[in-house]
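Residue numbers (the working numbering): 3 to 431.
No residue lacks a Cβ here, since even glycine has one placed at the ideal position from N, Cα and C.
Here is the structure we will look at, set down as structure tokens.
Have a look at this one:
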């Protein structure tokens, strides 16, 4: 592991060697990037009582405007809608129930965007609100529409302000936090860098408030995170994320070939300039998964389980084939057609996750049958896969059936997050 610096430090040593700050090094990718996605969390934008902090918004937009004036296209993924709505609605703490969260978001989103609009306008820039849901990146038509809209806004010199559409999203179809959303937007736009701004200045090997804790300036693989103890949710209680979700976001982005820097909002300008602040996550050189595969691996939890026989496991995992009814031996849980489900072997190890084509109640009568037999005996509508390979992502980190970590519900350290593997011949999301 690369460990350098002590708790509370913002920068690497002056040489910048360990942090990648040398000219032309990995930090140079962020300095030279022509399209950057920047994500800022609620705690970096609001006061402790839930009101918008206009000074913080002004400071951030000043930094981004300078980078935009230098020719870089910027997309800002901003949390803060729910937090901004807390004060006007008289809420002392972030609401836990979905309906109140959505009510707060409906109040706060307008306030948040109004402040951004005014702040960017002082620099002659036009801000544009873009609200997304999971389905906007899951379904091909919405995905392409979102992609075209964002690209057109950038072409016209606008600064898209992206947030999850909290007022209509449900627990079942949520990104869960804007960290994942930012990583998926970076993939969607083929961004050259992702900057995650938080209320901490970097990733540390433990609680940064404790003496002797050391900053990790660079992460080049899961091995660099061995022994790292990360906390839970944000310390101020106004956000949904924490260090775990930021590590998940960094993994999603780097798997998509996008280098990522995690640091504080106060370090935004230095990070964009390629200075060795925060923690740099270097990009993977492997083939990029599709947005759908990334979402399945990192932003969903299986609504049920389909158990495969050894032949089906081999076909799915080694041959990148679709899952056919003949290879299914058991179904667990209740789910509907179109839901994400986990595909497991008979020993309980998760092999893949995919969007299922049948309700759970339908599958038992199909198990062990060939699609040709099903079409002949039950009708042509049954001549289809349980899960098509284009709607499937392989998980190369095996997880047990009794609670292995997933990107959507990981309660432990980030190294347990499954990695997405792109099946050969998969179609775009």
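Length of the line joining the Cα atoms of residue i and residue j
i	j	result
residue 120	residue 67	13 Å
residue 267	residue 275	14 Å
residue 220	residue 38	19 Å
residue 25	residue 269	In this predicted model, residue 25 has a pLDDT of only 40, less than 50, meaning its place in the structure is not dependable; the value taken from the coordinates is given anyway. Their Cα atoms are separated by approximately 19 Å.
residue 258	residue 189	6 Å
residue 75	residue 36	6 Å
residue 362	residue 200	41 Å
residue 31	residue 202	22 Å
residue 103	residue 136	17 Å
residue 139	residue 264	24 Å
residue 143	residue 93	38 Å
residue 338	residue 348	22 Å
residue 229	residue 151	42 Å
residue 381	residue 345	26 Å
residue 389	residue 125	50 Å
residue 112	residue 118	10 Å
residue 244	residue 193	23 Å
residue 350	residue 95	40 Å
Terminal residues of the alpha helix (DSSP H) in which residue i lies
i	result
residue 380	373-380
residue 434	Nothing in the structure corresponds to residue 434, since the chain is present only between 3 and 431.
residue 247	245-257
residue 119	100-123
residue 369	Here residue 369 belongs to no alpha helix (DSSP H), and DSSP marks it neither H nor E.
residue 325	Run containing residue 325: none; DSSP gives neither H nor E here.
residue 312	312-319
residue 292	That residue, residue 292, is in no alpha helix (DSSP H); it is neither H nor E in DSSP.
residue 31	29-34
residue 59	56-71
Distance cut-off 8 Å: residue i Cβ against heavy atoms of the ligand FAD
i	result
residue 198	This structure does not include the ligand FAD; it has no bound ligands of any sort.
Residue nearest to residue i in terms of C-alpha spacing, selected from the options
i	options	result
residue 160	77, 358, 134, 108	77
residue 225	207, 395, 40	207
residue 109	91, 145, 364, 375	91
residue 305	292, 342, 281, 296	342
residue 55	101, 98, 116, 382	116
residue 134	230, 166, 147, 29	166
residue 73	381, 360, 127	127
residue 33	187, 86, 58, 70	70
residue 146	346, 53, 187, 223	187
residue 311	40, 289, 332	332
residue 79	211, 388, 163, 376	163
residue 29	211, 376, 372, 279	279
residue 114	58, 211, 100	58
residue 359	351, 376, 387, 350	387
residue 195	336, 364, 352, 254	254
9 Å Cβ cutoff met for residue i and residue j
i	j	result
residue 227	residue 249	yes
residue 262	residue 272	no
residue 123	residue 129	yes
residue 277	residue 307	no
residue 368	residue 340	no
residue 291	residue 303	no
residue 281	residue 204	yes
residue 89	residue 43	no
residue 378	residue 323	no
residue 246	residue 232	yes
residue 183	residue 149	no
residue 385	residue 374	yes
residue 397	residue 354	yes
residue 97	residue 86	no
residue 395	residue 289	no
residue 209	residue 41	no
N- and C-terminal bounds of the beta strand (DSSP E) containing residue i
i	result
residue 75	75-80
residue 200	195-200
residue 355	352-357
residue 130	129-134
residue 93	From DSSP, residue 93 is part of no beta strand (DSSP E); its letter is neither H nor E.
Original post:
Are the segment 311-319 and the segment 275-294 touching by the rule of at least three beta carbon pairs closer than 8 Å?
Top reply: no
Original post:
Three or more beta-carbon pairs under 8 Å between the segment 56-63 and the segment 210-217, yes or no?
Top reply: no
**OP:** Please determine if the segment 147-160 and the segment 42-50 are in contact, where contact requires at least 3 C-beta pairs separated by less than 8 Å.
**Re:** no
Subject >> contact_flag[the segment 325-334, the segment 363-382] where n(CB pairs < 8 Å) is 3 or more >> reply: yes
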